Amino acid sequence: MNIKVLYFARIKEAVNYSTENVELPKDVLTVIALKNWLSLRGEVWANLFNGKQVVRAAINHVLVDDMAAIQAGDEVAFFPPVTGG
Amino acid sequence: MTVRIQTEDFDLGHELTSMRLAEHAKNKSTKKESIGALVSFIGQVRDMNDGNAINTLTLEHYPEMTQKALAAIESEASARWDIIDSLIIHRVGTLNPLDQIVLVAVSSAHRGEAFSACEFIMDYLKTSAPFWKKEATNQGERWIEAKQSDDVAKARWQNKVKN
Numbered sequence: 127m128n129i130k131v132l133y134f135a136r137i138k139e140a141v142n143y144s145t146e147n148v149e150l151p152k153d154v155l156t157v158i159a160l161k162n163w164l165s166l167r168g169e170v171w172a173n174l175f176n177g178k179q180v181v182r183a184a185i186n187h188v189l190v191d192d193m194a195a196i197q198a199g200d201e202v203a204f205f206p207p208v209t210g211g
Numbered sequence: 161m162t163v164r165i166q167t168e169d170f171d172l173g174h175e176l177t178s179m180r181l182a183e184h185a186k187n188k189s190t191k192k193e194s195i196g197a198l199v200s201f202i203g204q205v206r207d208m209n210d211g212n213a214i215n216t217l218t219l220e221h222y223p224e225m226t227q228k229a230l231a232a233i234e235s236e237a238s239a240r241w242d243i244i245d246s247l248i249i250h251r252v253g254t255l256n257p258l259d260q261i262v263l264v265a266v267s268s269a270h271r272g273e274a275f276s277a278c279e280f281i282m283d284y285l286k287t288s289a290p291f292w293k294k295e296a297t298n299q300g301e302r303w304i305e306a307k308q309s310d311d312v313a314k315a316r317w318q319n320k321v322k323n
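Protein chains in written order, with the numbering used here: chain A, 127 to 211; chain B, 161 to 323.
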């Protein structure tokens, strides 16, 4: 399935993408599976998603946890803990 | 309930006066309980942080999510307390030391509800709304780290239903 992935703040700078459309393999159905799959892209990606730093995720603009299911057409965003206010 | 995300500055006096007078006009027709209390909070850019002078502060956000997240926080506040109106203004872009960043204002019939709801909205905004701050200092640029104390501040509301 095809989804849109967005990156923000230090994560955007690390991966050098702000947004991309990706075609997922059939077995990538959750946020954690997506993180693991993106980690295969190389060292920068692996370091980002190896659990040493907190990476929050949102699906269609709502915060979710790692087990959240992804569906075709979803907008998935990855970002660091927020620091507004 | 209003949420505004903007690059431009805001005027506290103007915003609070508008809130008071708009409700006054509405109350005359509906004869609801009127505003007896209006509480506001302003957050501003620090001039010093962690021992470094700050040159600028840049706020990035996730536009499609920000509005929704802030409106959800306002709804949660109005479900918990009898508030009459609320306003959140949050600026984005590059700001200078002592510039205003955020305004939260809450009106209610009596002060207790407005004080609590205003603090609740700020505590949730700090931990749930998708904004990120980057500071520029003479030592270079750095992303501001999320503080555990902000999570603690939010968590104390989760055990309270209502004050």
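Every residue, glycine too, gets a C-beta built ideally from N, C-alpha and C. No experiment lies behind these values; they were computed from the predicted model shown.
- Message: So for GLN166/B, helix, strand or coil by DSSP?
- Response: Looking at GLN166/B - three-state DSSP - the assignment turns out to be strand.
- Message: Less than 9 Å between CB atoms is the rule here; does VAL262/B satisfy it with respect to chain A?
- Response: At least one C-beta of chain A is nearer than 9 Å to the C-beta of VAL262/B.
- Task: Determine whether the Cβ of PHE280/B lies closer than 9 Å to any Cβ atom of chain A.
- Result: Not an interface residue.
- Item | Complete alpha helix (DSSP H) runs within the region 197 to 256 of chain B (minimum length 4 residues, chain order) | Qualifying alpha helix (DSSP H) stretches, in chain order: 223 to 240.
- Members of the region 167 to 178 of chain A near chain B, C-beta cut-off 8 Å: For the region 167 to 178 of chain A, no residue has a beta-carbon sitting nearer than 8 Å to a beta-carbon of chain B.
- Beta-carbon neighbours of PHE205/A, restricted to chain B and to distances below 8 Å: The answer, in chain order, is TYR222, PRO290, TRP292.
- Message: Taking 9 Å as the threshold (beta carbon to beta carbon), is ILE304/B in contact with chain A?
- Response: Taking Cβ atoms only, chain A reaches closer than 9 Å to ILE304/B, which makes this a yes.
- Query: Closest by CA to LEU150/A, which one among ASN186/A, TRP163/A, ARG182/A, ASN142/A?
  - Reply: Comparing Cα-Cα distances from LEU150/A to each of ASN186/A, TRP163/A, ARG182/A, ASN142/A, the minimum goes to TRP163/A.
- Could you give the DSSP three-state label for ILE195/B: helix, strand or coil? Three-state result, ILE195/B: coil.
- Does DSSP put GLY110/B in a helix, a strand or coil? For residue 110/B there is no data in the structure shown, the boundaries of chain B being 161 and 323.
- Item | GLY210/A classed as buried or exposed, judged by whether at least 16 other C-beta atoms fall within 10 angstroms | GLY210/A is buried by the Cβ-count criterion.
- Message: Using a Cβ-Cβ distance cut-off of 9 Å, determine whether LYS286/B contacts chain A.
- Response: Among the residues facing chain A, LYS286/B is included, as its CB has a counterpart in that chain under 9 Å away.
- Query: Do you know how far the Cα of THR177/B is from the Cα of ASN173/A?
  - Reply: If you take the alpha carbons of ASN173/A and THR177/B, they lie about 50 Å apart.
- Item | N- and C-terminal bounds of the beta strand (DSSP E) containing LEU263/B | Where LEU263/B is concerned, the enclosing beta strand (DSSP E) stretches over 260 to 268.
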